[in-house]
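Sequence order for the protein chains is U and P.
The first sequence begins at -3 in this note's numbering and counts up by one.
The second sequence begins at -3 in this note's numbering and counts up by one.
Cβ atoms here follow ideal geometry from the backbone N, Cα and C, with glycine treated the same way.
Just so you know, these numbers come straight off a predicted model, no measurement behind them.
2 protein chains.
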Amino acid sequence: MTTTTPDETAPPSLRTRIRRIAQRGHYDRATLHAIVDDAFICHVAFADAHGVHCIPTACWREGDYLYIHGSNGSRMLKLAASGAQVCVMITHLDGLVLARSAFHHSMNYRSAVIYGSFEVVPDDHKAAALDAFMEGFAPGRSRQVRRGNASELAATTMLRIALAEAASKIRTGGPADDEDDLALPVWAGVLPMALAPLPPQADTPAIEPPDYVQQWREGDVADPV
Amino acid sequence: MTTTTPDETAPPSLRTRIRRIAQRGHYDRATLHAIVDDAFICHVAFADAHGVHCIPTACWREGDYLYIHGSNGSRMLKLAASGAQVCVMITHLDGLVLARSAFHHSMNYRSAVIYGSFEVVPDDHKAAALDAFMEGFAPGRSRQVRRGNASELAATTMLRIALAEAASKIRTGGPADDEDDLALPVWAGVLPMALAPLPPQADTPAIEPPDYVQQWREGDVADPV
């Protein structure tokens, strides 16, 4: 018996090959996992009889799968659960790149695209998967809250998609101006940005905030897991 | 001659009617414009012979249109320029909503969806539109940089889509727990977040930073225009 190791320097399919500025493309697992793990939400694109749709939804990673969940009544989840082909996009905007020429202005970003179809997560894994999701941004919380009861879990559809037909695209660094423009007396550089925490808003002022709430101002919320 | 005013309390089409938690849906122009104006990027979903795709790209608003642009070589722009049906999604994640029960955890967000097809922006409006985009996040900069020359503008495709078949969806506020759970000794509330500026990184240390660079730390970067 032989095992094959995927070539992590090459795109896994034609449609994951980065064409525009190919050197920004990455096909290794570590890069992909890091981008997925920094995300609270993804955008799921799919098509039905009414056209193409794009819907944002919460997401998390377990191993080599991206998970999403929601109400059984969700049109997107119903279609995705039926095995429809989807394109899942995760995008982190990291900064505005200000060049000396209008033409070379750009943005810094980290993005990941996943093609394929979702599969339904079995009922007996739902509670554990939801715990894992919660532990990612609020360690310990899954043992503090009232966990989902049978009817709540039954009303929830959970899906996962393999991180197989996937690619990452990243831009970092300063502007790439034409040499002729380098001497222009124009400020150039990067205006970086990140998703950042704002002060927690308690619904329960009498209850001592747990560590993950107290640390909300100190941590980097773009890093939920 | 009579003029008709769109009913801003009703969805403009079947596919823009918010179905999941309908009370979060908004159909008025002011709400839509505010969500679009807070965005640096949108996600454009479209379909071709290889399936459904979803691509993030910079965007800005002029009047009742959303603008995007990029290289003539972009597959997405080529397809969109040909009149393909698209779904454009803008999403701002505003916070994690921590409920007393696992089931009622949620997120606060502001999102906008636009259906339809893009149209090509005429060549003679490209330079002015790019100036307007830049002025949105860097007032005065369009007069400081070297503007696009004829060949740079010719290499750029600019498209716009009417903000007509569009809808907004917003969640704000704290958790909506079941009454039976309200007395549980679990911290509940919102962990808010926002896209926030980090210190500017100058490529041109000898040049005095203009006002919009100096103010990068003071302003709210989630409000580019």
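Just tell me which of the options has its CA closest to the CA of residue i.
i, options, result
"L187(P)", "H101(P), A150(P), A158(P) and R213(P)", "H101(P)"
"D33(P)", "C55(P), R96(P), D44(P) and V209(P)", "C55(P)"
"A150(P)", "F36(P), M85(P), K122(P) and H49(P)", "K122(P)"
"A45(P)", "Q81(U), L62(U) and E175(U)", "Q81(U)"
"P52(P)", "G91(P), K74(P), M85(P) and A30(P)", "M85(P)"
"D119(P)", "L194(P), N145(P) and T1(P)", "N145(P)"
"A134(P)", "L92(P), V209(P), P171(P) and Y105(P)", "V209(P)"
"A43(U)", "T1(U), L75(U), S147(U) and Y105(U)", "L75(U)"
"G112(P)", "T87(P), V93(P) and Y61(P)", "Y61(P)"
"T87(P)", "A77(P), A128(P), E175(P) and V109(P)", "V109(P)"
"G13(U)", "H49(P), R13(P), D3(P) and R15(P)", "Inspection of the sequence shows that residue 13(U) is occupied by Arg rather than by Gly. For R13(U), the nearest C-alpha among the options comes from H49(P)."
"G170(U)", "Q211(U), R25(U), R143(U) and V93(U)", "V93(U)"
"R142(P)", "R143(U), D176(U), S147(U) and A128(U)", "D176(U)"
"T152(P)", "R15(P), W212(P), S67(P) and L194(P)", "S67(P)"
Classify residue i as buried or exposed, calling it buried when 16 or more other Cβ atoms lie within 10 Å of its own Cβ.
i, result
"H65(P)", "buried"
"S164(P)", "buried"
"A162(U)", "buried"
"A124(P)", "exposed"
"L178(P)", "exposed"
"M(-3)(U)", "Low confidence applies here, because M(-3)(U) scores a pLDDT of 46, under 50, leaving its location unreliable; read the following figure in that light. Exposed, since its Cβ has fewer than 16 Cβ neighbours within 10 Å."
"R57(P)", "buried"
"P181(U)", "exposed"
"R15(U)", "exposed"
"R213(P)", "exposed"
"D3(U)", "exposed"
If the criterion is Cβ atoms closer than 9 Å, does the pair residue i and residue j meet it?
i, j, result
"R156(U)", "V117(U)", "yes"
"C38(U)", "A41(P)", "no"
"Q140(P)", "W183(U)", "yes"
"R11(U)", "G69(P)", "no"
"I31(U)", "S107(U)", "yes"
"F114(U)", "G79(U)", "yes"
"M130(P)", "Y63(P)", "no"
"F36(P)", "M103(U)", "yes"
"A190(P)", "D90(P)", "yes"
"G185(P)", "T200(U)", "yes"
"A198(U)", "A192(P)", "no"
"G21(P)", "P8(P)", "no"
Measure how close the beta-carbons of residue i and residue j come, nearest whole angstrom, since I'm counting them as under 8 Å.
i, j, result
"A95(U)", "D173(U)", "5 Å"
"G28(U)", "L159(U)", "Correcting the residue type first, residue 28(U) is Leu in the shown sequence and not Gly. L28(U) to L159(U), Cβ: 6 Å. Contact."
"P196(U)", "R137(U)", "Contact flag wrong, Cβ pair sits at about 13 Å."
"Y23(U)", "T5(U)", "6 Å"
Residues of chain C with CB under 9 Å from residue i, in chain order?
i, result
"G136(U)", "Absent from the structure: chain C. Protein chains present are U and P."
*asked:* Which complete beta strand (DSSP E) runs does the segment 35 to 105 of chain U hold, if anything under 3 residues is left out?
replied: Counting only runs of 3+ residues, the beta strand (DSSP E) found wholly inside the segment 35 to 105 of chain U occupies 37 to 44, 47 to 54, 56 to 58, 61 to 67 and 81 to 94, in chain order.
_Runs of beta strand (DSSP E) wholly within the segment 178 to 208 of chain U (minimum 3 residues, chain order)_ = Those beta strand (DSSP E) runs which fall completely within the segment 178 to 208 of chain U and span 3+ residues are 185 to 193.
*Inside the segment 121 to 171 of chain U only - beta strand (DSSP E) runs reaching at least 3 residues*: Complete beta strand (DSSP E) runs here, min 3: 152 to 158 and 161 to 167.
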